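**Student:** Please read through the structure below; I'll follow up with questions.
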Amino acid sequence: MKIATWNVNSLKVRLPHVLDWLAANQADVLCLQETKTEDKVFPYAELAAAGYHAAHNGQKTYNGVAILARAKLEDVRCDIPDFADEQKRVIAATVDGVRIVCAYMPNGQAVGADKYVYKLRWLEALAASVREDLQRWPQLALLGDYNIAPEDRDVHDAAAWKDQILCSEPERAAFRRFIELGLADAFRLFAQPDKLYSWWDYRQMGFRLNRGLRIDHVLLAPPLAAACRACVIDKTPRKLERPSDHAPVMATLEIPSA
DNA sequence: ATGGCTTGAGTGTCAAGA
């Protein structure tokens, strides 16, 4: 079973890239962030034609998350339970017995800003809900755009980014809280090349110069971590015309898929 | 230099991203 996450920065613009990527990679599950679209115009038909069921939690202009899957999506749930939030950032579903939680975590704008306070509150609420979910679904995966680079080695220039947004210690502590719940960063289960990132700024030739951050992650509960055989960041779509600024991240699990 | 792209909104030019 192959499960992946990709911040597409507008599904309307990126649908051709998504369809091409699915055809090339045969993912069983793909979590999308920043669809930036409403449910009524979500491309269910195009995805169905490509062999994918879909569940979407969207809104106009900003945010928006979706889960695409070859198998049926069961127990679909939108948002964080008991957490008031206008922003559509979470959708979860069970696929082939695996609980998939797809999250677009807040950016935070700048350390100390109102949006930063919201980010930390939001991360706390998500962690509480994941803690609950793990009781019911031991086979859980939390995938998405975390907007957190967990360690200095996940940052192209750690000195420049020190204590900046996406890299600040409170954000990294929030990331570690998911690890403390028993989840494993699938990427770090394996030897990886240095300087491999999942996001690069559109400006200043960020991608060409590999000025990136690793902020998109696949976290796996123990039974899934034990079954994980690979985790890769695919830079291929970032080289296309009009790319998303993020690359997809995909983990391969040695469990049967439908 | 708080700049530099890209998107969505909407038809000016701004908010937001990371």
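For the record, in the first sequence the residue sitting at position 188 is 188 according to my numbering, with numbers rising by one throughout.
Beta carbons: idealized from backbone N, C-alpha and C, even for Gly.
No experiment lies behind these values; they were computed from the predicted model shown.
Quick check on Pro237: buried or exposed, where buried means 16 or more other Cβ atoms within 10 Å of its Cβ?
**Tutor:** Stepping through the first sequence from its first residue, residue 237 is reached at position 237. Buried, since its Cβ has 16 or more Cβ neighbours within 10 Å.
**Student:** Determine whether the beta carbon atoms of Val117 and Phe178 lie at a separation below 8 Å.
**Tutor:** Within the first sequence, numbered from 1, the residue matching residue 117 stands at position 117. Within the first sequence, numbered from 1, the residue matching residue 178 stands at position 178. Taking 8 Å as the Cβ cut-off, Val117 and Phe178 do not qualify as a contacting pair.
**Student:** Would you identify the three-state DSSP class for Val8, choosing helix, strand or coil?
**Tutor:** Translated into positions along the first sequence, residue 8 becomes position 8. Coil.
**Student:** Flag this pair as yes or no: are the beta carbons of Asp79 and Val90 separated by less than 8 Å?
**Tutor:** Sequence index remark: in the first sequence, residue 79 carries index 79 (1-based). Sequence index remark: in the first sequence, residue 90 carries index 90 (1-based). Closer than 8 Å, so yes.
**Student:** CB-CB under 8 Å to Ala158, same chain, minus the five flanking residues each way: which ones, in chain order?
**Tutor:** Within the first sequence, the letter at position 158 stands for residue 158. Answer for Ala158: Asp152 and Cys167, listed in chain order.
**Student:** Spell out the partners DSSP gives Thr37 in its beta bridges.
**Tutor:** For the purposes of this step, residue 37 is taken as the residue at position 37 of the first sequence. When DSSP reads this structure, Thr37 sits in no beta bridge, so it has no partner.
**Student:** Do you know offhand how far Glu124's Cα is from Pro106's?
**Tutor:** Here the question's residue 124 lines up with position 124 in the first sequence. Here the question's residue 106 lines up with position 106 in the first sequence. Cα to Cα, the separation comes out at about 12 Å.
**Student:** Taking Leu68 and Leu30 to be in contact with their CB atoms under 8 Å, please state how far apart those CB atoms are, rounded to whole angstroms.
**Tutor:** Your numbering for residue 68 matches position 68 in the first sequence. Your numbering for residue 30 matches position 30 in the first sequence. Contact flag correct, Cβ pair sits at about 4 Å.
**Student:** Going by DSSP in three states, Asn57 sits in which element: helix, strand or coil?
**Tutor:** Here residue 57 refers to the residue found at position 57 of the first sequence. Strand, per DSSP.
**Student:** Could you work out which residue in Glu34, Asp216 and Pro81 is closest to Tyr146 when comparing CA atoms only?
**Tutor:** The sequence position of residue 146 within the first sequence is 146, counting from 1. Closest option to Tyr146, Cα to Cα, is Asp216.
**Student:** Tell me whether the beta-carbon of Arg249 lies closer than 8 Å to the beta-carbon of Ala4.
**Tutor:** Locating residue 249 in the first sequence gives position 249, counting from the first residue. Locating residue 4 in the first sequence gives position 4, counting from the first residue. For the record, residue 249 in the displayed sequence is Val; it is not Arg. Yes, the Cβ-Cβ distance between Val249 and Ala4 is below 8 Å.
**Student:** Considering just the uninterrupted stretch of the beta strand (DSSP E) at Ile179, what are its terminal residues?
**Tutor:** Here residue 179 is taken as the residue at index 179 of the first sequence, counted from 1. Looking at the DSSP string, Ile179 is not in any beta strand (DSSP E); the run it does join, the alpha helix (DSSP H), is Glu169 to Glu180.
**Student:** Rounding to the nearest angstrom, what Cα-Cα distance links Ala93 and Val101 in this structure?
**Tutor:** If you number the first sequence from 1, residue 93 lands on position 93. If you number the first sequence from 1, residue 101 lands on position 101. Those two C-alpha atoms are separated by around 7 Å.
**Student:** Classify Gln26 as buried or exposed, calling it buried when 16 or more other Cβ atoms lie within 10 Å of its own Cβ.
**Tutor:** As a position in the first sequence, residue 26 is number 26, starting the count at 1. It counts as exposed.
**Student:** Which first and last residues belong to the beta strand (DSSP E) in which Tyr44 is found?
**Tutor:** On the first sequence, position 44 is the one that residue 44 refers to. Per DSSP, Tyr44 belongs to no beta strand (DSSP E); it is in the alpha helix (DSSP H), Tyr44 to Ala49.
**Student:** Within its chain, find whatever has a CB closer than 7 Å to the CB of Gln59; leave out the 5 residues flanking it on each side and keep chain order.
**Tutor:** For the purposes of this step, residue 59 is taken as the residue at position 59 of the first sequence. Within the same chain, Gln59 has close Cβ partners Glu38 and Lys88.
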